[in-house]
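In what follows, a structure is listed as structure tokens, so that the remarks can point back to it.
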Amino acid sequence: MWRKLKLRTKVNFLLVSVLVGLLAISLTWQYRQHKDLIFSEAQEKARIIVAEATRTREYISNQLQKGDIALNRERYGMIPVVVANRVGQIVAEDLTYTIRHTSNRYRNAANAPDPYEQAKLSELSSREDVDHIAELTTLEGEPVFRYLQAARADASCLECHGQPTESPLFLRDIYPPDQDPAYDYQIGEMIGAVSIVIPMTQLEDRLASSFNNTLIITSAFFCALIIGLSLLIQKTVINPVSSLSDRIRDVRETGYFIEPISVPNQDEVGDLVTSFNTMMSELDEKTHQLEESEKRFRLMTEIARDAIVAFLPNGQIFLFNREAEKIFGYQQSELLGESLDRLFAPQVDMYGPSLVAFILQADADWFQGVHAFVGLRRDQTPVELEISVNIIDTGDRPFYTAILRQV
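Printed below as a string of structure tokens:
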């Protein structure tokens with residue numbers, strides 16, 4: 013099926029296939045680039061949120077120390093980490109994010125880690141070279157971006173999470189040291205992490221919007237490229253080759269070497285057309301020479317006093333001159349392509365049922381002599397003939413000439 017297609021169809025098919033493949037590769041690469049960019053932006057947002065939450069906690073702690081404000085049960089909401097969590101909850105409501113502090117040694121049940129946070133907290137605590145984890149995952153079956161930033165205990169943290177005896181009395185009443193695992197931290201020890209959850213719906217909407225624009229622009233560019241290349245190939249290759257093919261068909265059908273094809277460009281296709289024009293010019297000249305030679309040959313055979321019949325090894329007659337027409341009563345047009353055996357009566361004692369088969373098997377001495385045969389005229393009357401046969405060896409395909417004379 014492929015071999016039967018036109019060159020134009022093949023070129024367009026290959027061109028479209030290659031460019032569509034390149035378009036798919038380009039769009040895939042650009043999609044990944046956009047996805048990586050959105051991921052980087054989400055990670056940067058998470059860093060900023062973590063920094064703001066940390067600075068909020070540190071600021072509240074510094075203000076409490078500067079104002080020499082003692083924490084008590086009524087001022088529970090002034091505890092720095094509590095302030096940071098509640099501010100994070102308010103911000104999260106506006107952004108549809110989840111922002112909170114969590115720890116495997118949690119004090120408040122609201123800060124208890126989920127299974128994902130629990131695993132990542134353990135990973136952060138066991139690796140000193142990693143201070144955060146950011147990845148795309150799922151939460152309750154929904155795609156989300158999750159970010160955990162490790163938090164290290166400092167002096168302000170130890171007021172509530174250091175030695176139990178140094179913690180405020182109201183905290184020990186609320187969270188007894190023998191039941192609360194959130195005491196006995198040391199400076200620099202990982203106390204937990206700031207956990208941020210960003211729904212992927214917003215990120216995917218941004219990614220889709222950005223990628224749609226890229227898809228439209230890139231697709232338009234490749235469509236224009238396909239059309240441009242198709243027109244260029246059409247003009248520089250397909251049209252010249254089609255013209256060359258049409259001209260060859262005309263030459264084959266008519267046998268005439270008509271005017272040359274115009275050379276489109278000075279490139280390989282132009283060289284092909286130029287070579288074709290040169291070949292046609294040479295063939296035209298040689299054809300004229302052959303026609304003149306054939307005319308002279310036929311003129312010589314027509315004016316010959318003897319009958320001349322030329323035939324191929326299979327017996328087909330291709331020359332039957334005027335004298336032969338007189339002897340046998342046939343016109344040349346009637347016998348062209350017919351077998352030589354049609355002109356001779358079978359002679360069992362001499363050559364059997366086929367004269368042609370006999371001639372093909374004859375030795376070289378037989379061709380040196382003149383032989384008597386009985387011919388058959390058109391009206392099937394016999395005629396006595398003397399025949400001499402010669403082999404004309406042209407190399408590829410020899411033929412025979414029989415010179416006949418009526419006795």
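For the sequence shown, our numbering puts the final residue at 419, and the numbers step up evenly by one.
Backbone N, C-alpha and C fix where the C-beta goes; we use that ideal spot for every residue, glycine too.
Keep in mind it's a predicted model, so treat the numbers as computed, not measured.
* **DSSP state of S351 mapped onto helix, strand, coil** => It is a strand residue.
* **Buried or exposed by the 16-neighbour rule on C-beta atoms within 10 Å, applied to T108** => Exposed, since its Cβ has fewer than 16 Cβ neighbours within 10 Å.
* Going by C-alpha distance, which of Y342, Q301, G327, N326 is nearest A319? -> The shortest C-alpha separation from A319 is found at Y342.
* To do: For the segment 200 to 210 and the segment 147 to 162, state whether three or more C-beta atom pairs, one from each stretch, are separated by less than 8 angstroms.
  => Contact holds: three or more Cβ-Cβ distances are below 8 angstroms.
* Compute the Euclidean distance between the alpha carbons of G327 and S400, then round it to the nearest angstrom. => When the Cα atoms are used, G327 and S400 turn out to be separated by approximately 16 angstroms.
* Roughly how many angstroms lie between the CA atoms of L355 and G381, to the nearest whole one? -> Those two C-alpha atoms are separated by around 20 angstroms.
* Asked: In angstroms, rounded to a whole number, what distance separates the CA positions of G349 and P325?
  -> For G349 and P325, the distance between alpha carbons rounds to 12 angstroms.
* To do: Keeping to the same chain, check which residues put their C-beta closer than 8 angstroms to that of L76; ignore five residues upstream and five downstream.
  => L83, M90, P92.
* Does DSSP classify Y412 as helix, strand or coil? -> Under the three-state reduction of DSSP output, Y412 falls in the strand class.
* Ordered list of alpha helix (DSSP H) runs contained in the segment 301 to 360, each at least 4 residues -> Every alpha helix (DSSP H) stretch that sits fully inside the segment 301 to 360 and reaches 4 residues is listed by chain position as 334 to 340, 344 to 347.
* Asked: Over what stretch of residues does the alpha helix (DSSP H) that includes S366 continue unbroken?
  -> No alpha helix (DSSP H) holds S366; DSSP gives it neither H nor E.
* Under the DSSP definition of a beta bridge, which residues are partnered with H173? -> As DSSP reads the structure, H173 sits in no beta bridge.
* Integer Cβ distance of N120 from L133, believed to fall under 8 angstroms -> Not confirmed; about 16 angstroms, so no contact.
* To do: Grab the span of the alpha helix (DSSP H) containing Q77 for me, first residue to last.
  => Per DSSP, Q77 is one residue of the alpha helix (DSSP H) stretching across 19 to 78.
* Under the rule that 16 or more other beta-carbon atoms within 10 Å means buried, what is G200, buried or exposed? -> A residue is called buried once 16 or more other Cβ atoms fall within 10 Å of its Cβ, and G200, having fewer, is exposed.
* Thinking Y195 and P176 are a contact (beta carbons under 8 angstroms), I'd like their distance in whole angstroms, please. => Between the beta-carbon of Y195 and that of P176 there is about 5 angstroms, and that keeps the pair under the 8 angstroms contact cut.
* Asked: In chain order, which continuous runs of the beta strand (DSSP E) of length 3 or greater are located wholly inside the segment 199 to 276?
  -> Within the segment 199 to 276, the complete beta strand (DSSP E) runs of at least 3 residues are 202 to 211.
* Tell me, please, which residues DSSP counts as bridged to Y159. => Note: Y159 sits in a beta bridge opposite A146, I208.
* To do: Tell me whether the beta-carbon of E398 lies closer than 8 angstroms to the beta-carbon of V419.
  => For E398 and V419, yes; Cβs fall inside 8 angstroms.
* When the Cα of E147 is compared with those of T213, Q198, S52, R164, which residue comes out closest? -> Of the listed residues, the one whose Cα sits closest to E147 is S52.
* To do: Give every residue of the same chain whose Cβ lies closer than 6 angstroms to the Cβ of A414, excluding the five residues on either side of it in the sequence, and list them in chain order.
  => The residues are V321, I399, V401.
* Just to confirm, are H113 and A54 a CB contact at a threshold of 8 angstroms? -> It is not a contact, given that the beta carbons lie outside the stated cut-off.
* Taking 8 angstroms as the threshold, find out whether the segment 249 to 264 comes into contact with the segment 17 to 33 through three or more Cβ pairs. => Segments in contact, yes.
* **Buried versus exposed call for N74 [16 or more other C-beta atoms within 10 Å across all chains shown]** => Burial call: exposed.
* Proximity winner among L243, I245, S242, M292, relative to R264 (alpha-carbon distances) -> Nearest option by C-alpha distance: M292.
* Asked: Y197 and L170: beta carbons closer than 8 angstroms?
  -> The criterion of a C-beta distance shorter than 8 angstroms is satisfied by Y197 and L170.
* To do: Given a cut-off of 8 angstroms, decide if A65 and I37 are closer than it, judged by their beta-carbon atoms.
  => It is not a contact, given that the beta carbons lie outside the stated cut-off.
* Tell me, please, whether the CB atom of I239 is closer than 8 angstroms to any CB atom in chain B? => Checking the listed chains, one finds no chain B in this structure; it contains a single protein chain.
* Helix, strand or coil: which one does DSSP assign to Q130? -> Looking at Q130 - three-state DSSP - the assignment turns out to be helix.
* Counted within 10 angstroms of its Cβ, other Cβ atoms place M202 as buried (16 or more) or exposed -> Buried is the call here.
* Cut-off 8 angstroms between Cβ atoms - residues of its own chain near T230, not counting five sequence neighbours on either side -> Here the set comprises L35, S38, L39, Q42.
* Ordered along the chain, which non-local residues of its own chain (more than five positions away) have a Cβ less than 7 angstroms from that of S222? -> So the qualifying residues of the chain are H46.
* How would you label L347, buried or exposed, when you count the other beta carbons within 10 angstroms and need 16 or more for buried? -> A residue is called buried once 16 or more other Cβ atoms fall within 10 Å of its Cβ, and L347 is buried on that count.
* **C172 and L183 closer than 8 angstroms at C-beta** => In this structure, L183 lies closer than 8 angstroms to C172 by Cβ.
* Using the C-alpha atoms, what's the distance from M13 back to D359? -> Note on residue identity: the sequence assigns Gln, not Asp, to residue 359. Rounded to the nearest whole angstrom, the CA to CA distance from Q359 to M13 is 56 angstroms.
* Does the distance from the CB of Y412 to the CB of F323 come in under 8 angstroms? -> A Cβ-Cβ contact shorter than 8 angstroms links Y412 with F323.
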